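Working notes, beginning with the structure itself.
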Amino acid sequence: MRSSGNSACRWRRYPPLSAPDQKQGSSSMAETRRLALPLLDGAQAQKHVTMNTALTRLDALSAPAALSRANAAPPEVFADGDLYIVGAGASGAWAGQEGMIAYADNLGWSFAAPLVGRRLWVEDERLEVAHDGAAWVAALGGTEAGAATMLHARVIDHTLSAGALSTTAPVIPDKAIVLGVTARVIAPLTGPGLTTWRLGVAGGADRYGAGLGVALNAYAQGVTGAPLAYYAPTSLTLEAEGGAFAAGVVRLCVHYFALTPPRAV
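The sequence shown lines up with residues 18 to 282 when you count with the working numbering.
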């Protein structure tokens with residue numbers, strides 16, 4: 018383990034370094050204040066070890082994106098430099114590292130505590146988060162108490178099932194305040210007698226559009242007259258007009274607000 022006087026910069030590696038490397042990178046080694054990069058000592062041997070360690074750490078922590086912040090345990094397959102925010106209930110090689118930045122390093126994992134204001138783009142959520150000194154919060158629309166008002170856009174590609182009606186997996190989240198739904202045909206819609214189609218939800222088949230085109234790149238911009246709240250995960254429905262679906266793919270995007278309450282005290 019290496020550590021600095023600033024607890025926000027403390028880090029450790031899993032699995033531990035070999036005995037010779039531990040000696041070369043002992044806890045007495047000086048480190049930079051913010052990123053805890055090990056500094057070269059004029060009298061030390063094998064300076065390349067310290068230099069390589071510092072460069073690896075700098076390369077990882079300068080990355081603008083994390084692959085995910087949902088994982089509680091490391092993935093089975095990873096590459097050096099892969100970076101994650103450790104999720105709640107961390108276990109295995111990540112045990113005890115909740116909220117830390119974890120990056121793959123020489124077949125193991127190293128960890129860094131995020132500095133206040135550190136921002137990362139979370140790739141699997143398509144969301145920028147920032148660390149407020151206590152937790153990772155949405156970078157925009159957040160407050161110091163953890164509460165936030167966030168604008169989201171959730172995209173799925175839906176392959177149509179044969180028949181007059183095709184229903185997506187639940188794509189509208191619970192308690193989402195939906196502004197609208199947009200769509201783009203990315204594989205032409207075909208089927209017997211099919212002329213156009215409508216987009217909506219159960220009980221509102223044309224809420225987000227009707228008379229929509231079936232050709233490649235036909236699109237929809239379905240807006241609600243006022244933001245509409247959904248109180249359970251909800252699927253979108255695509256209904257054929259004039260016939261039935263046989264094939265086709267539509268890219269759908271739900272545009273919505275999500276409200277995050279203040280964090281627990």
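Cβ coordinates follow ideal geometry from the N, Cα and C atoms, glycine included. Quantities reported herein were computed from a predicted structural model and do not represent experimental measurements.
Inset, instruction - Ignore the nearest five residues each way along the sequence and tell me which others in Leu211's own chain have a CB closer than 8 Å to its CB. - result: Val231, Ala257, Glu258, Gly259, Gly260, Ala261, Phe262 and Ala263
Legend entry - Outcome for Ala129 when other beta-carbon atoms lying within 10 angstroms are tallied against a minimum of 16: buried
Legend entry - Nearest-angstrom Cβ-Cβ length linking Val218 and Leu269, presumed shorter than 8 Å: Not really, about 12 Å apart at Cβ, beyond 8 Å.
Legend entry - Runs of beta strand (DSSP E) wholly within the region 182-212 (minimum 3 residues, chain order): Scanning the region 182-212 for uninterrupted beta strand (DSSP E) segments of 3 residues or longer gives 182-184 and 194-207, listed from N- to C-terminal end.
Inset, instruction - Go ahead and label Val267 buried or exposed: buried means 16 or more other beta carbons lie within 10 angstroms of its beta carbon, across all protein chains shown. - result: buried
Legend entry - Boundaries (first-last residue) of the beta strand (DSSP E) holding Gln238: Gln238 -> beta strand (DSSP E) spans Tyr236 to Ala246.
Inset, instruction - Please work out which residues of its chain come closer than 8 Å, Cβ to Cβ, to Ser252, disregarding the five sequence neighbours upstream and downstream, and give them in chain order. - result: Within the same chain, Ser252 has close Cβ partners Thr184, Thr185, Ala186, Pro187, Val188, Ile189, Val218 and Ala219.
Legend entry - Closer than 7 Å: Gly125 CB and nearest the ligand MN heavy atom: You won't find the ligand MN in this model; it holds no ligand whatsoever.
Inset, instruction - For the region 143-156 and the region 224-238, state whether three or more C-beta atom pairs, one from each stretch, are separated by less than 8 Å. - result: No: the two stretches stay apart, fewer than three of their Cβ pairs being nearer than 8 Å.
Legend entry - For Ala89, three-class secondary structure by DSSP: coil
Inset, instruction - From the DSSP output, read off the bridge partner residues of Trp138. - result: Trp138 is bridged to Ala82 and Glu145.
Inset, instruction - Under 7 Å Cβ to Cβ from Thr176, same chain only, skipping five residues before and after it: list those, please. - result: Val266, listed in sequence order.
Legend entry - For Tyr101: DSSP bridge partner residues: Ala119
Inset, instruction - Determine the closest residue to Thr254 out of Pro279, Arg224, Ala80 and Leu132, with distance taken between C-alpha atoms. - result: Arg224
Legend entry - Alpha carbon of Pro278 to alpha carbon of Leu216, nearest angstrom: If you take the alpha carbons of Pro278 and Leu216, they lie about 32 Å apart.
Inset, instruction - Would you tell me roughly how many angstroms separate the C-alpha atoms of Leu245 and Asn123, rounded to the nearest one? - result: 49 Å
Inset, instruction - Return the CA-CA distance between His272 and Thr213, expressed in angstroms with no decimal places. - result: 23 Å
Inset, instruction - Over the uninterrupted beta strand (DSSP E) stretch that includes Arg224, give me the two end residues. - result: Gly221 to Leu229
Legend entry - Thr277 in three-state terms, based on DSSP: The DSSP-derived three-state label of Thr277 is strand.
Inset, instruction - Identify which residue in Tyr248, Gly208, Leu196 and Val202 has its Cα closest to the Cα of Gly242. - result: Leu196
Legend entry - Between the CA atoms of Ser85 and Asn69 - distance to the nearest angstrom: Distance between the alpha carbons of Asn69 and Ser85 is about 26 Å.
Inset, instruction - Would you kindly report the start and end of the unbroken beta strand (DSSP E) that includes Ser127? - result: Gly125 to Ala129
Legend entry - Per DSSP, cross-strand counterpart(s) of Asp174: Arg268
Legend entry - Neighbour-count burial assignment, Ser108, 16 or more Cβ in a 10 Å radius: exposed
Inset, instruction - Count the other CB atoms, across all protein chains shown, that sit within 10 Å of the CB of Gly208; report buried if there are 16 or more and exposed otherwise. - result: buried
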